[in-house]
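Remarks on the structure that follows.
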Amino acid sequence: MLKTVIPFGPQHPVFPEPLHLKLVVEDEVITEVVPALGFVHRGLENLVHLRDFQQMIQVVERVCGICSMMHAMCFCQGIEDLMRIEVPPRSKLLRVIWSELHRIHSHLLWLGLFADSFGFESLFMQFWKIREKVLDINEATTGNRVIVSVNVVGGVRRDLSAEQMKWMLSNLAWAEDEILRLETTLLSDYTVQKRTIGKGVLPREKAFELGAVGPTARASGIAQDMRMLGYSALDQLDFEPVVETDGDCYARSRVRFHEVIQSIRLIRQAISKITEGEIRIKVKGRPEGETFSRIEQPRGELIYYIKANGTKNLDRLRIRTPTFANIPALLGMLPGMWLSDVPVVVLSIDPCISCTER
Amino acid sequence: MKAEVSSVSCDALVGEVARIKVEGYRFVTLSCAETDGNSVSILYHFDRDLALKHLRLSALKDKPIPSISPVYFAAFLVENEIQDLFGITFKGLVVDYKRTLYLEEEVKRTPFCTDTAVQTPAAEKTANPGPVET
Amino acid sequence: MFKMTPNIIHNLLHKKATRRYPKVIRPAFENVRGALFNEVAKCTFCGICAIKCPSQCILVDKKAGRWTYDLFACVFCGICVEACPAESLHQKSAYHLPLAGRETITLNREPKLKIEKTTKIPEERSNDAKD
């Protein structure tokens, strides 16, 4: 049995971002994997020395292009915690609405890429057609399609009027109908099932030990979702995490599919509970101390460790993104797979390498 | 921080982490911050049922720190990152990239340490002339 | 195997999902954060926009009365628009069209608006804290 080392390169049609894996392969079956990162390292954490804590919001939004609002929200939550600021209730619900919209667009992007990874390009286009509507909602309500830039320390910058909310709900109803129409194509198709069931199995104990987070962990039976912490108005909404038990690629795509539907329902609940009030409060002073802030990004648990020393520049900002925690879990999933299953398995953890290597 | 932070020393670190693993905590991450010229403070974060627990380790930069990757495999990636960015060495790492995870071999200065004369853009720009104001 | 067929028939019978760009251009939404422009008649050259800008793309010289803006470093976040006390900065609802060379816009404190376009090489920019 000859061993070969195959580089699964940084450039690959299936990856949205560059990740290098050295696969040790014996007769087409993978035995070991060694990852190599560092292709998009920009050193954004070090910018805290050059930009003050309010300008850092714009820097932090640009860590990831797909989940940018979550980064800004986690950062603002951390700073508000340090400065003991209580944001108005209307802005908390608005933040929830925009972050659930982000979750919908991120999962639709992933569902499209996942279909593309086993060659189903027409399904890829169908999912991205629905995603365009969500991006139009983003642009009309916040001013930009992806990097929405609505969070500031002390609240949000934009407000939603009543007819904007009605327009949003009608568009989301259209999106929900279209997505449910695609459910049988994605989840009950014979070819899709043959390519995904039983591949990349991660049993529950191994998922816990390797520190998997997000849909990767929820598909292995660990019912953990940071939205259960009840940050930012999520304690007023009804919410149950979506959990599957099989732990393979099919279970992960089911979890993300159902999370899209769940997010649309959460937005409807949030809009029905919205109250009148101000959206932003004035912030004076400088942060001091250290804090730890966690929220649920589309890919899992996002953590910010902020250390401030009373000047306008922060001392240290540490961002730990969920893909960083899922890469060791990926290393546990790959041995035993065929070489041709590698793109599907790697994509099933939803790798966002620009987040990982800020 | 709202959760409990307990201090730990270099020698007791691996034993304490093994005890935490037996109690059923999930490994979250490490955070490293520079406290002054030659010492750093590393925080270890663990989570169980959405409740956090932290350990603080104050260490000197030139002494090697024991690695917890034999206990929690997932820690190898973040310990390699701290090696790259702060210039610290961890001994006993399960997979050691030897300072090439993010950086290339030519890079000699550690990016995150303020005393190793890291070049800030302001320093670089004074070397080049400013723009031509028309 | 034929799970996609109902979708195909539905798509053939309904109208196209794509727009025939450039013959049909979607009208821009309101309040989109597009191109930035400064009404220099109202501008007091206080410099607050330059201090608050996250990408440090604005340079204000109060004595000489000059407001310089680097189009290509701007991220169109709108912080300067909110911070401006004289309300002279606005954002249009359309983005910039593609340009052929890197340009910086320089506006001077004069009754008549004089816009000078200079082509700059990136290394010579002196925005200190810009990365």
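Protein chains in written order, with the working numbering: chain E, 6 to 363; chain F, 115 to 248; chain G, 81 to 211.
Where a beta carbon is used, it is the ideal one built from N, C-alpha and C, also for glycine.
Cβ pair residue i, residue j closer than 8 Å
i                      : j                      : result
residue 282 of chain E : residue 108 of chain E : no
residue 187 of chain G : residue 116 of chain G : no
residue 265 of chain E : residue 140 of chain E : no
residue 208 of chain E : residue 230 of chain E : no
residue 171 of chain F : residue 127 of chain F : yes
residue 220 of chain E : residue 261 of chain E : yes
residue 276 of chain E : residue 174 of chain E : yes
residue 143 of chain E : residue 78 of chain E  : no
residue 356 of chain E : residue 20 of chain E  : yes
residue 308 of chain E : residue 143 of chain F : yes
residue 147 of chain F : residue 155 of chain F : yes
residue 287 of chain E : residue 124 of chain E : no
residue 178 of chain F : residue 203 of chain F : yes
residue 103 of chain E : residue 153 of chain E : yes
residue 149 of chain G : residue 184 of chain G : yes
residue 226 of chain E : residue 87 of chain E  : no
residue 135 of chain E : residue 339 of chain E : no
residue 192 of chain E : residue 257 of chain E : no
residue 165 of chain G : residue 126 of chain G : yes
residue 83 of chain E  : residue 296 of chain E : yes
residue 185 of chain F : residue 131 of chain F : yes
residue 39 of chain E  : residue 23 of chain E  : no
residue 140 of chain G : residue 148 of chain E : no
residue 197 of chain E : residue 73 of chain E  : no
Buried versus exposed call for residue i [16 or more other C-beta atoms within 10 Å across all chains shown]
i                      : result
residue 241 of chain F : Annotation note: pLDDT 38 at residue 241 of chain F (below 50); position unreliable, coordinate value reported separately. Burial call: exposed.
residue 194 of chain F : buried
residue 213 of chain E : buried
residue 175 of chain G : exposed
residue 306 of chain E : buried
residue 12 of chain E  : exposed
residue 92 of chain G  : exposed
residue 72 of chain G  : For chain G, the structure presents residues 81 to 211; residue 72 of chain G sits outside this window and is missing.
residue 185 of chain E : exposed
residue 333 of chain E : buried
residue 313 of chain E : buried
residue 158 of chain F : buried
residue 187 of chain F : buried
residue 343 of chain E : exposed
residue 91 of chain E  : exposed
residue 111 of chain E : buried
residue 195 of chain E : exposed
residue 238 of chain F : Bear in mind that the predicted position of residue 238 of chain F carries a pLDDT of just 37, short of 50, making it too unreliable to give a figure here.
residue 179 of chain E : exposed
residue 292 of chain E : buried
Chain-ordered chain F contacts of residue i [CB-CB under 8 Å]
i                      : result
residue 39 of chain E  : 209
residue 233 of chain E : 164
residue 216 of chain E : 140, 141, 142, 186 and 188
Interface residues of chain E facing residue i [CB-CB closer than 7 Å]
i                      : result
residue 145 of chain F : 310 and 323
residue 97 of chain G  : 134
residue 191 of chain F : 329, 332 and 333
residue 83 of chain G  : 189, 190, 193 and 194
residue 157 of chain G : 63 and 154
Chain-ordered chain G contacts of residue i [CB-CB under 9 Å]
i                      : result
residue 145 of chain E : 109, 110, 111 and 112
Interface partners of residue i on chain F, CB under 9 Å
i                     : result
residue 91 of chain E : Residues of chain F passing the Cβ test: none, with the nearest at roughly 16 Å.
Interface residues of chain E facing residue i [CB-CB closer than 9 Å]
i                      : result
residue 158 of chain F : Within 9 Å Cβ-Cβ: nothing; residue 158 of chain F doesn't reach chain E, min ~12 Å.
residue 129 of chain G : Neighbours of residue 129 of chain G on chain E: none; closest Cβ ~12 Å, over 9 Å.
Neighbouring residues, chain G, relative to residue i (Cβ below 8 Å)
i                      : result
residue 302 of chain E : The premise fails here: residue 302 of chain E is roughly 21 Å from chain G at the closest Cβ pair, so nothing lies under 8 Å.
residue 149 of chain E : 112, 113 and 156
Closer than 8 Å at the beta carbon, the chain E residues around residue i
i                      : result
residue 215 of chain F : 41, 42 and 43
Chain A contact residues for residue i, given Cβ-Cβ distances below 9 Å
i                      : result
residue 186 of chain E : In summary, chain A is missing from the structure at hand, where the protein chains are E, F and G.
Proximal chain F residues relative to residue i, where beta-carbon distance stays under 7 Å
i                     : result
residue 46 of chain E : 216
Original post:
Which ranges would you report for the alpha helix (DSSP H) in the region 46-89 of chain E if only whole runs of at least 4 residues count?
Top reply: 61-66 and 73-87
Original post:
Is the region 181-196 of chain F close to the region 162-169 of chain F, with three or more CB pairs under 8 Å?
Top reply: no
Original post:
In chain order, which continuous runs of the alpha helix (DSSP H) of length 4 or greater are located wholly inside the region 83-123 of chain E?
Top reply: 94-122
Original post:
Is the number of C-beta pairs between the region 195-211 of chain E and the region 246-256 of chain E that are closer than 8 Å three or more?
Top reply: yes
**OP:** Report the residue ranges of all beta strand (DSSP E) runs contained in full by the region 145-170 of chain G; include only those spanning at least 3 residues, in chain order.
**Re:** 146-150
**OP:** Would you be able to state if there are at least three C-beta pairs under 8 Å between the region 123-141 of chain G and the region 52-68 of chain E?
**Re:** yes
**OP:** Only counting runs of 3 or more residues, tell me where the beta strand (DSSP E) segments fall wholly within the region 234-320 of chain E, in order along the chain.
**Re:** 293-302 and 305-314
Subject >> Every unbroken beta strand (DSSP E) inside the region 122-191 of chain F [3 residues or more] >> reply: 140-150, 153-162 and 165-174
Subject >> Inside the region 109-145 of chain G only - beta strand (DSSP E) runs reaching at least 3 residues >> reply: 116-118 and 138-141
Subject >> Three-pair Cβ contact test at 8 Å for the region 164-174 of chain E versus the region 231-242 of chain E >> reply: no
Original post:
In chain order, which alpha helix (DSSP H) runs of at least 4 residues are fully inside the region 152-215 of chain E?
Top reply: 167-186, 188-192, 195-201 and 209-214
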